[in-house]
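J.: Starting off with a structure, shown below.
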Amino acid sequence: MYDLIIVGGGPAGLTAMIYAIRKRLNALLISKDLGGKTMWRLELPWVEEYQVIKGLEVVNKFKSELEYLSFARHMEAVEKVEKRGDVFTIHTKGGGELTAKAVIIASGTKQKKIGVPGEKEFLMRGLCYSALSYAPLFIERRTAVIGDGDLALRSAAELATVAQHVTLVGISAAALKTTLGQKLQHSENVHILQDYQVVEVKGERFAEKLVVRSPKGKVEELDVEGTFIEMGLIPNAQMVEGLVELDEQGRVRVDCFCRTNVPGIFAAGDVTDIFAEQVLIAVGEGAKSALSAYEYLLPQL
Ligand SMILES: Cc1cc2nc3c(=O)[nH]c(=O)nc-3n(C[C@H](O)[C@H](O)[C@H](O)COP(=O)(O)OP(=O)(O)OC[C@H]3O[C@@H](n4cnc5c(N)ncnc54)[C@H](O)[C@@H]3O)c2cc1C
-7 MYDLIIVGGG PAGLTAMIYA IRKRLNALLI SKDLGGKTMW RLELPWVEEY
43 QVIKGLEVVN KFKSELEYLS FARHMEAVEK VEKRGDVFTI HTKGGGELTA
93 KAVIIASGTK QKKIGVPGEK EFLMRGLCYS ALSYAPLFIE RRTAVIGDGD
143 LALRSAAELA TVAQHVTLVG ISAAALKTTL GQKLQHSENV HILQDYQVVE
193 VKGERFAEKL VVRSPKGKVE ELDVEGTFIE MGLIPNAQMV EGLVELDEQG
243 RVRVDCFCRT NVPGIFAAGD VTDIFAEQVL IAVGEGAKSA LSAYEYLLPQ
293 L
């Protein structure tokens, strides 16, 4: 049995694992990959890597340390976490079972997709997620935001502070009634295409045109230099559904010690209900979750 199993090899899980190793815990990281979403890189002609706050130095350092320590990692998807007495059983996709005294869930989120031609082809080449990370790079650019709800409104509002123009595609009447929705309706550089649908993304090397359809079926093309898909995030928390408390968006609820409501299960990074999805925040939360798990384990060591 392990002292600690960490699920997820993104910034949160990698950092937690390196802390666990330094604390000499008998720990294992189980993940589908090492690096998580830090492997995504936005490519645009005017974007230089240094302009983006990434924290890649620390993530890559931890990643290469773990690549070397093959006994400390297991590359597979986790399907379910179960609690039997004080012991946690981790069920993997291939049918394996691993046990631990404590668990950290650091499995991140998935982005909702638009599912149209061109989406796959232009992803991270003009078509991207996370205006939170990239909006400041779009000074005086023509941009679009696709989505409905808080994330889309927030992204459009942030872009509107720097971009030449923002077209908000697919927003609903309900979202437009909110404070940010009202503000956007009165912004000179924001054009709202309420209830429109995106039909296709077109371009040469980079996404340059969005084909959209109005509720009445009229199709038009928008010229864009940057498009953000901000339809929401799906937390990879299915493995602990019914075991720990989740919030209304399906994220694992944690306190400021990264503790869930179940003693012995901790969570860190984007899969939790903390504020803002950013690498450096996930790194910090990962560190905190490992130290918190260590405190929990100390009487048993
Ligand atoms: C397109 C894009 C660009 C971004 N750009 C930036 C940026 O420039 N700067 C910035 O600070 N932030 C950026 N972010 C946000 C940042 O990437 C995340 O906040 C950060 O990666 C979260 O780290 P995490 O460890 O919580 O989750 P993730 O990075 O998502 O890692 C989750 C890990 O869990 C693993 N996993 C998932 N499910 C399972 C399972 N069932 N079993 C086993 N393993 C599983 C995954 O394989 C992965 O290794 C960006 C996000 C996106 C989507």
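Take -7 as the starting number for the sequence shown in the numbering used here and just add one per residue.
Ideal Cβ positions, reconstructed from N, Cα and C, are used throughout, including at glycine.
(1) Could you please give the first and the last residue of the uninterrupted alpha helix (DSSP H) stretch that includes Met9?
(2) With a threshold of 8 Å, are at least 3 pairs of Cβ atoms found where one atom belongs to the stretch 132 to 143 and the other to the stretch 158 to 165?
(3) So what's Val191 in DSSP terms, helix, strand or just coil?
(4) By the DSSP assignment, the alpha helix (DSSP H) with Ile273 in it spans what residues?
(5) Using only the alpha-carbon positions, how far apart do Val44 and Pro291 sit?
(6) The alpha helix (DSSP H) that contains Asp215, what's its start and end?
(7) Please state whether the Cβ-Cβ distance between Leu20 and Leu58 is less than 8 Å.
(8) Within this structure, are the beta carbons of Glu212 and Lys201 separated by less than 8 Å?
(9) Among Phe63, Ala148 and Val236, which has the Cα closest to the Cα of Asn181?
(10) In three-state terms, what does DSSP make of Thr243?
(11) Would the stretch 13 to 29 and the stretch 278 to 293 be scored as touching if the rule is three or more Cβ pairs under 8 Å?
(12) Identify, in the order they occur along the chain, each residue of the same chain with its Cβ nearer than 8 Å to the Cβ of Val245, setting aside the five sequence neighbours on each side.
(13) CA-CA distance, Val216 and Glu74?
(14) Measuring straight from C-alpha to C-alpha, what distance separates Cys248 and Ile(-3)?
(15) How about Leu185 and Val203: do their beta carbons lie closer than 8 Å?
(16) Regarding Glu269 and ligand 1, is the C-beta to nearest heavy atom distance less than 7 Å?
(17) How many angstroms separate the CA atom of Glu196 from the CA atom of Lys112?
(18) Please determine, among Met9, Lys24, Asp(-5) and Ala8, the residue with the shortest C-alpha to C-alpha distance to Asn228.
(19) When you compare each of Ala12, Gly256, Ala166 and Gln103 to Glu269 by their alpha carbons, which one comes out closest?
T.: According to the structure data:
(1) Pro3 to Arg14
(2) yes
(3) strand
(4) Val271 to Leu289
(5) 42 Å
(6) Looking at the DSSP string, Asp215 is not in any alpha helix (DSSP H); the run it does join, the beta strand (DSSP E), is Val211 to Asp215.
(7) no
(8) no
(9) Ala148
(10) For clarity, residue 243 is Arg in the given sequence; the question names Thr instead. Looking at Arg243 - three-state DSSP - the assignment turns out to be coil, as it is neither helix nor strand.
(11) yes
(12) The sequence as given places Arg at residue 245; Val does not occur at that position. Cβ within range, chain order: Val236, Glu237, Leu238, Asp239, Thr252, Asn253, Thr264 and Asp265.
(13) 47 Å
(14) 20 Å
(15) no
(16) yes
(17) 14 Å
(18) Lys24
(19) Gln103
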